[in-house]
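Student: Would you mind keeping the following structure in view while I ask a few things?
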Amino acid sequence: YRYLCKKKKRLWKGALLSPVPRLLSPSTRTLFSETGVWEKDYLKETRRRVEEWWHPRIMAQWQKDGSNRKKFYVLSMFPYPSGQLHMGHVRVYTISDTIGHFQRMRGHQVLNPMGWDAFGLPAENAAIERGLDPEEWTKHNIQSMREQLDNLGLCFNWDREVTTCLPDYYKWTQFLFIKLFEAGLAYRKEAVVNWDPVDQTVLADEQVDENGRSWRSGALVEQKLLTQWFIKTTNYAKPLLDALADLPEWYGVKAMQANWIGQCTGCYFDFKLKVNGEETGETLSAYSSSPETVFGEAYLAILPSHRLLHGTSSVRSALEKAFQPGRDSLTEVTARNLFTGREVPLVISHKEAFDGYLDTVIGIPDCSEEDLSVATALNLRWTTVLKSNKDDTQTLINSDEFSGLTREQAFESITQKAREQKVGGHLTSSKLRDWLISRQRYWGTPIPVVHCGSCGPVAVPEEELPVTLPKLPSLTGKGASPLEAAHDWVNCTCPRCKGPARRETDTMDTFVDSAWYYLRYTDSHNPDRPFERHLADHWLPVDVYIGGKEHAVMHLYYARFLCHFCKDQGLVAHREPFWKLLVQGLIKGQTFKLADSGQYLKREAIDFTGTRYLNLLGVTWEKMSKSKHNGLDPQEVVQQYGVDTVRLYILYAAPPEQDILWNVKTDALPGVLRWQSRLWQLVTKLRGARQPVDVPCPSLLKNKELAETKKIWENKNHAIQEVTSHLTEDFLFNAAISRLMGLTNTLSVSHSVEFEEALAALVMMTAPMAPHLASELWAGLCQVKNPISPLLQHGGDVLQQFWPNVDPEYLNVPDFVELSVLINNKACGTVTVPLEVSKDSERMQQLILESPLGKQLIGERGIKRAILSPRTALINFLIDE
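Quick look at the structure:
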């Protein structure tokens, strides 16, 4: 016995004082749920056994969910299956798991699905390097990452799992593409595109950074003229912009989306080109910032970099003949406006760029001094279309049936009619381009189109979907699309005329796959359609969408676009796919690098006691990365600290949208470790105070004890109110944990009903964030002898309990909030203020200055500025020293 206990003096000392039954299993610590014996302290071994015991039980509980309750759809952005989770994954999925448990305790039917964004260049490049099939590589990584997610105790609806590289998923990506194609929104044109010379593929404009480098490879992007597939997202620019107003604040992301789209004050009109009076069959879209004056068009202008000057079009020779660098060049090419029916000459502008990303604009002298100057210099004719009135308004003239309308009326009427005639008119901005989706790589969704010499591009019939990827003997990643080598696959029959045809060999950008996965989750195994409408309508919109801010523009824009399109197709009832958006910051690790060469060094390679390295090092915090030697293996971190501790640390270290600087020596980690032990001690205290012979009698409480119980009651209700708000409104998990820690510190008078109910509420509110610990604590509470509160007599596991409610009588008391007061960024104390004025900076400043704390610490000192936090109960006074 001495041998078994000698390794830990604390164990040895405790064992001597323990009753005889402890001698039956001296080599292991007991676990109450397993043995019925309560361990006094929450030590590392106890924590490990608690998590091992509760892990499978919590996972099993999650699968049992009633379908007759109000829905709640919490969605975290699905990962690329690299094979290894990183701490950013742990953060986003901890947040979604916490929200999911919380909403189930609130009585909701929760959907928290998971899947894999499994196509793309990383898998193809890895397969090329290793001589593997990218499908095998991807499936192996998925299996590995799923096991890692399970080991973290994350409760996903795995029965809804989707994998974008499987035919049962990308069949429906192809189906949606065909719907876009049939609606005239998916089209193919020759264009000057961004070419990544390393990854050997085209990039969308959004995938090129401000330095002209590829978002993935980092290579300097080249310009190439290629025929590519586009999706006409510009047709939805105005609806996408306007719909933002109906959404709650997205932590700055709404502003990013609005800025990306731009002010939708103009539109495109379609033109047919002519050379020597003969139509070439080519359609050109040109932008006008004043579409109401389109009948006053004088010319069409293109840039010298325009594809017409660099492609194989029959127009090219006529343009080259007329082009004079450095000046506006009038050409013999003309363009017929399909809306007005008028024909205007094509001009090659002397400019290097128009406004925004435009390369083709309509010149209208009536509304632009610059257009007037060009038209006059080239001796062009045009029609005056604006008449100025005495009241400083303008009316249209010479504009067919729109004559007599004000400019505002004509703007609406002309753009609407152009849309109806399908010749333009969709309001968009000058800075927005259509979405380029062609990729010249193998590992992606095949574009379901065949090219026929007689019929042109023809969509593959729905009954022939999916168009599956052929097996290739090898991948090189160089030259043309790898699919060109699959001759048996490429050569096919035209679905329309049955003549010989060739399959499209470009694949789709992976952003197309992720533009609709939230819809597939609602009906993930449907073999007959992408999803049943009634199921999508039941679950949408996503109540909370969680992911990195790096997806604030591209992914969110594309996903919103596709949902708007599905609404117009009658596939769903909701136009916007996501209600609340919760963006998360990065988890950063400390990096050490040589100041002269920029070489990153491993921490263990640095002699911190010397000065040679320290003089050369640049020490900073950066996104975790293997190449920077600052990454963490989540499995190793969990092994060291436990699942619940890691969850609490991630939630407590910073608000979700802020970065976390991973440093286990800060207050956050020791703080959550101490708090877990404190919770355990409170349950231990209650169990010890409720021995079989100890029947509490609250009526015998003394006045001081009664005052304490009132304080417990108030703190319990305040905590329920605050934590509930944080988990439903602002998602300040760090503030929620702080409030629970505060409640923990006020619990005394264990022989009162207030203590029992507050402790029960505390454990229940801890459960979504630390489910394993809370489950064991609840098991210990429910077996307390002689309980006073009926809460401890309910039975069942803690995650099956209903979330605690605020007592009705507490709601009748005026709401107050405890405001933390800082002076020159240093915490100085707290002041209780009315909740209704807690967001009024001037009133708060006045109340603080009138309080005893303010009179003592600030008094007559000069105040430079008082900063009231918009999200937390905190005010910071910057004063003269």
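Residue numbers (our numbering): 165 to 1045. C-beta atoms are modelled at their ideal positions from N, C-alpha and C, and glycine is treated no differently.
1) Do the stretch 224-243 and the stretch 268-284 make contact, defined as three or more Cβ pairs closer than 8 Å?
2) Could you give the first and the last residue of the continuous alpha helix (DSSP H) run that contains GLY906?
3) For ILE306, which residues from the same chain have a beta carbon less than 6 Å from its beta carbon, with the 5 sequence-adjacent residues on both sides left out?
4) I want to know whether the stretch 834-843 touches the stretch 961-972 - three or more CB-CB distances under 8 Å.
5) Look up ARG500 in the DSSP assignment and give the residues it is bridged to.
6) Who are the Cβ neighbours of THR192 in its own chain at under 6 Å, not counting the five residues just before and after it?
7) Hey, would you say ARG603 sits closer than 7 Å to THR391, going by beta carbons?
8) So, helix, strand or coil for HIS719, using DSSP?
9) Could you pull out every unbroken alpha helix (DSSP H) segment of at least 4 residues lying fully inside the stretch 240-288, listed in chain order?
10) Can you list the alpha helix (DSSP H) stretches of 4 or more residues lying completely in the stretch 514-567, in chain order?
11) Going by alpha carbons, who is nearest to TRP703 out of LEU720, GLU740, LEU318 and TYR721?
12) Considering just the uninterrupted stretch of the beta strand (DSSP E) at ASN315, what are its terminal residues?
13) Determine the extent of the beta strand (DSSP E) in which LYS353 is found, giving its start and end residues.
14) Quick check: TRP218 and SER939, are their CB atoms within less than 7 Å of each other?
15) Is the beta carbon of ASP556 closer than 7 Å to that of THR457?
16) Taking the alpha helix (DSSP H) that PRO403 belongs to, which residues open and close that run?
17) In the DSSP assignment, what are the bridge partners of ARG221?
18) Report yes or no: do the stretch 566-582 and the stretch 307-323 share at least 3 C-beta pairs separated by less than 8 Å?
19) What alpha helix (DSSP H) runs, 4 residues minimum, are completely inside the stretch 620-673?
20) Note down the Cα distance separating THR559 from TRP546, rounded to an integer number of angstroms.
21) Could you check the C-alpha separation between SER240 and ASP434 for me, to the nearest Å?
22) Going straight from the alpha carbon of SER678 to that of LEU467, what length do you get?
23) Measure from the alpha carbon of ARG255 to the alpha carbon of each residue in VAL810, GLU627, TRP877 and HIS689, then state which is nearest.
24) Is it right to say GLN267 is buried, meaning 16 or more other beta carbons lie within 10 angstroms of its own, or is it exposed?
25) Let me know if LEU188 comes out buried or exposed under the rule of 16 or more other beta-carbons within 10 Å of its beta-carbon.
26) Apply the 10 Å Cβ neighbour rule to PHE966 and answer buried if 16 or more other Cβ atoms are within range, or exposed otherwise.
27) Opposite ILE1027 in the DSSP bridges: which residues?
28) Verify whether the separation of the beta carbon atoms of LEU596 and THR398 is less than 7 Å.
29) Which ranges does the beta strand (DSSP E) cover as unbroken runs of at least 3 residues, wholly within the stretch 677-712, from first to last along the chain?
30) For VAL362, which residues of its own chain have a beta-carbon under 6 Å away from its beta-carbon, when the five flanking residues on both sides are left out?
31) If you draw a straight line from the C-alpha of LYS757 to the C-alpha of ALA769, how long is it?
32) My parser needs the alpha helix (DSSP H) runs of 4 or more residues fully inside the stretch 970-1002; what are they?
33) To the nearest whole angstrom, what separates the beta carbons of LEU907 and ASN879, a pair I think is in contact under 8 Å?
34) What three-state label does DSSP hand SER1015 in the structure shown?
35) Go to CYS946, then tell me how far its alpha helix (DSSP H) extends in each direction, as first and last residue.
36) Buried or exposed for PHE459, please, with buried defined as at least 16 other CB atoms from any protein chain shown within 10 angstroms of its CB.
Tutor: Taking the coordinates as given:
1) The stretch 224-243 makes contact with the stretch 268-284; the number of CB pairs closer than 8 Å reaches 3 or more.
2) Counting along the chain, the alpha helix (DSSP H) containing GLY906 begins and ends at 897-910.
3) Excluding its 5 nearest sequence neighbours in each direction, ILE306 has C-beta neighbours in its own chain below 6 Å: PRO245 and TRP280, listed in chain order.
4) Three or more Cβ pairs closer than 8 Å define a contact, and the stretch 834-843 falls short of that threshold against the stretch 961-972.
5) For ARG500, which the question treats as bridged, DSSP gives the partners LYS436 and GLU507.
6) At THR192 the pLDDT is 48, less than 50, meaning the model places this residue with poor confidence and gives no usable figure here.
7) Cβ atoms of ARG603 and THR391: not closer than 7 Å.
8) It is helical.
9) The alpha helix (DSSP H) runs of length 4 or more contained entirely in the stretch 240-288 are, from start to end of the chain, 251-269.
10) Qualifying alpha helix (DSSP H) stretches, in chain order: 533-541.
11) TRP703 has its Cα closest to that of GLU740, out of LEU720, GLU740, LEU318 and TYR721.
12) Not the beta strand (DSSP E): ASN315 falls in the alpha helix (DSSP H), residues 298-315.
13) Element bounds for LYS353: 350-360.
14) Yes, they are a contact pair.
15) Against a cut-off of 7 Å, the Cβ pair of ASP556 and THR457 comes out as no contact.
16) Unbroken alpha helix (DSSP H) run through PRO403: 401-407.
17) Answer by DSSP bridge pairing: none, since ARG221 is not bridged.
18) Because the criterion of three Cβ pairs below 8 Å is not met, the stretch 566-582 and the stretch 307-323 do not touch.
19) Unbroken alpha helix (DSSP H) runs of no fewer than 4 residues, entirely contained in the stretch 620-673, are found at 651-654, following chain order.
20) Roughly 17 Å between the two C-alpha positions.
21) Taking the straight line from one Cα to the other gives about 41 Å.
22) It is roughly 34 Å from the alpha-carbon of SER678 to the alpha-carbon of LEU467.
23) Selected option, being the one with the closest Cα: VAL810.
24) So GLN267 counts as buried.
25) Model confidence at LEU188 stands at a pLDDT of 35, short of 50, so the residue's coordinates are unreliable; what they give is reported in the following sentence. Flag for LEU188 reads exposed.
26) Around the beta carbon of PHE966, fewer than 16 other beta carbons sit within 10 angstroms, so the residue counts as exposed.
27) According to DSSP, ILE1027 bridges with ILE1043.
28) Yes. Within cutoff.
29) As far as the stretch 677-712 is concerned, its whole beta strand (DSSP E) runs of at least 3 residues are 706-712.
30) Answer for VAL362: SER381 and ALA383, listed in chain order.
31) Our two residues, LYS757 and ALA769, have alpha carbons roughly 11 Å apart in a direct line.
32) Within the stretch 970-1002, complete alpha helix (DSSP H) segments of at least 4 residues are found at 972-975, given in chain order.
33) Contact flag correct, Cβ pair sits at about 5 Å.
34) Coil, per DSSP.
35) It spans 935-946 - the alpha helix (DSSP H) in which CYS946 sits, taken as one unbroken run.
36) Within 10 angstroms of the beta-carbon of PHE459 lie 16 or more other beta-carbons, which makes it buried.
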